[in-house]
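Colleague: Sharing a structure with you now.
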Amino acid sequence: MIHRYWMPALVGCGVLGTAAVAMAAQQSEAERGAYLARAGDCVACHTAPEGKPFAGGLKIESPFGTIVSTNITPDPEAGIGDYSRDEFAAALREGKRADGANLYPAMPYPSYAKLTDDDIDALYAYFMQGVEPVAEKAPESDVSFPFNQRWGISLWNWMFTDADTFAPTSGQSEQVARGAYLVQGLGHCGSCHTPRGVLFQEKALDDSDDAYLTGETLEGWWAPNLRGGGGDDNGGRGLQNWSADDIVAYLATGRNDHSAVTGEMTSVVANSTLHLGDEDLHAMAAYLKSLPRAADGDKKTGSETTPEQTEKMLTAADVEGKPGARLYLDNCNACHFANGQGAPQVFPSLVDNELVNADDPTGLVHVILAGARLPSTPGKPEALAMPDFGWRLSDEEAAQLAAFVRGAWGNHGGKVTADQVAEVRKALPEDRQSSKPDFVD
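What the sequence shown shows, in mature numbering (1 follows the signal peptide of the UniProt record, and there is no 0), is residues -24 to -1, 1 to 417, in sequence order.
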């Protein structure tokens, strides 16, 4: 590929004609757009399981019904091939289709509104020139009345979106400003990590509001507070206790010495952040570390033992009358050990773990029943997996195990009921729903 800075000289020397230069420039722009599309994680939402890239069809459950992602390939009938550059920009920044109708806010246009014109141009070049057209329309969304009336979204947009493109905060370094642009804009991290209001709006779109990135539960998975950590108010947990290199490792490989990805973050790493350059990953880390710390809220009570007491009990197998502890020894101890610490970058620590201590235990229960697998990345190619235990645990046993983990080693996650486990189990694929009957010992 011809570097853009050499093109004028090559034209002047007669080595390249202007048509060739224009073609090379378009190719370069499309390649940059491909990188930006990775940063925006477009493929994750606009690709159905086993589907063709960007052809849509992914079902996204919301409080208002099922939203189905659209085909954004350059096919003129089924996709966006007839979109002009300005219509494409309006879809990204304003949530407007080419026909003027509103997109559902499952599309993170409140974040993409921050994109620069140059990045819009590059993305447009990529989607029109670098994506394979797919001549197949995605199914329609199934959203209940009155939320299926798209004209009403205009009021929601007026109340909760901001049309301004990104502008660095005064005093930010170039690195921190780049990180802010990626986190607030293309990365749309706030879509999951910022609390939602009664109309499912993000309570903040950038760090000018203290609510930004302070955590939210979506579809049962806890997207943790990215501004928490340190001190008694946070129980020693949180990303702010990590170094910048820890954050980079987590985004690039899905794991670090403190934690490992689960739930939706697994897809984010696999489809987006592992593809980003080291400079951008460090910029994101620098920005996140620059944010003022925000407490995780009141520390819940209910921890059964201190870390030392739990380790001593499990080491001595003193689990008579403690079914959750017995189940831990039988199913978890081999990897996570009596101290709950696991092994760095192999078996995640359960002590002060964000998922373990979340208000909603759904994510933890899901991992117990269905297992989990880390993404394979260039830096960490081994796709380490935790096996599923749903087949060998009844609902009551899974609840006892989850409750033990949420109350051991100083954790304070609270109780778990068999009914909660049953609800999670029902949502699993059919081949993962079987369990040991409660009467089998």
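The beta-carbon is built from N, C-alpha and C at its ideal position, and this holds for glycine as well.
Of the choices H22, H251, K35, whose alpha-carbon is the least far from that of P351?
Modeller: Looking at the Cα atoms, H251 is the closest of the given residues.
Colleague: Please go through the same chain and pick out, in chain order, the residues whose beta-carbon is closer than 6 Å to the beta-carbon of R349, but skip the five residues on each side of it.
Modeller: Here the set comprises A359, A361.
Colleague: For L270 versus G204, is the C-beta distance shorter than 8 Å?
Modeller: A small fix is needed here, since residue 270 is Ala in this sequence, not Leu. In contact: A270 and G204 (Cβ atoms closer than 8 Å).
Colleague: Less than 8 Å between the C-beta atoms of I36 and A82, yes or no?
Modeller: Closer than 8 Å, so yes.
Colleague: For F380, does the three-state DSSP call read helix, strand or coil?
Modeller: In the structure shown, F380 sits in a helix (DSSP, three-state: H, G or I).
Colleague: Let's test the definition: count the other Cβ atoms within 10 Å of the Cβ of M135 and tell me whether it reaches 16, buried, or not, exposed.
Modeller: M135 is exposed by the Cβ-count criterion.
Colleague: Candidates D256, A292, H22, G128: which alpha carbon is nearest L175's?
Modeller: Measuring from the Cα of L175, the nearest candidate turns out to be G128.
Colleague: Select from T281, N309, S130, T282 the residue whose C-alpha is nearest the C-alpha of A293.
Modeller: The option with the nearest alpha carbon to A293 is N309.
Colleague: Among Y226, D118, V119, whose alpha-carbon lies nearest the alpha-carbon of S248?
Modeller: Among Y226, D118, V119, the Cα nearest to that of S248 is on Y226.
Colleague: Would you grab the beta carbon distance between D364 and A346 for me? Rounded to a whole angstrom, and I think it's under 8 Å.
Modeller: Right, their Cβ atoms sit about 5 Å apart.
Colleague: Is there contact between the region 105 to 119 and the region 28 to 42, where contact requires at least three CB pairs shorter than 8 Å?
Modeller: With the cut-off at 8 Å, the region 105 to 119 and the region 28 to 42 touch.
Colleague: Measure the Cβ-Cβ separation of L162 and M260 and say whether it is below 8 Å.
Modeller: Contact: no.
Colleague: Could you check the C-alpha separation between K179 and Q160 for me, to the nearest Å?
Modeller: K179 and Q160: Cα-Cα distance of roughly 13 Å.
Colleague: Using the Cα positions of T141 and Q148, report the straight-line distance between them to the nearest angstrom.
Modeller: Using only the alpha carbons, I get a separation of about 17 Å.
Colleague: Determine the contact status of F64 and Y100, defining contact as a CB-CB distance below 8 Å.
Modeller: Cβ distance < 8 Å, so F64 and Y100 count as in contact.
Colleague: In three-state DSSP terms, what is G339?
Modeller: Correct three-state label for G339: helix.
Colleague: Could you check the C-alpha separation between residue 418 and T291 for me, to the nearest Å?
Modeller: No statement about residue 418 is possible, as the shown extent of the chain runs from -24 to 417 and does not include it.
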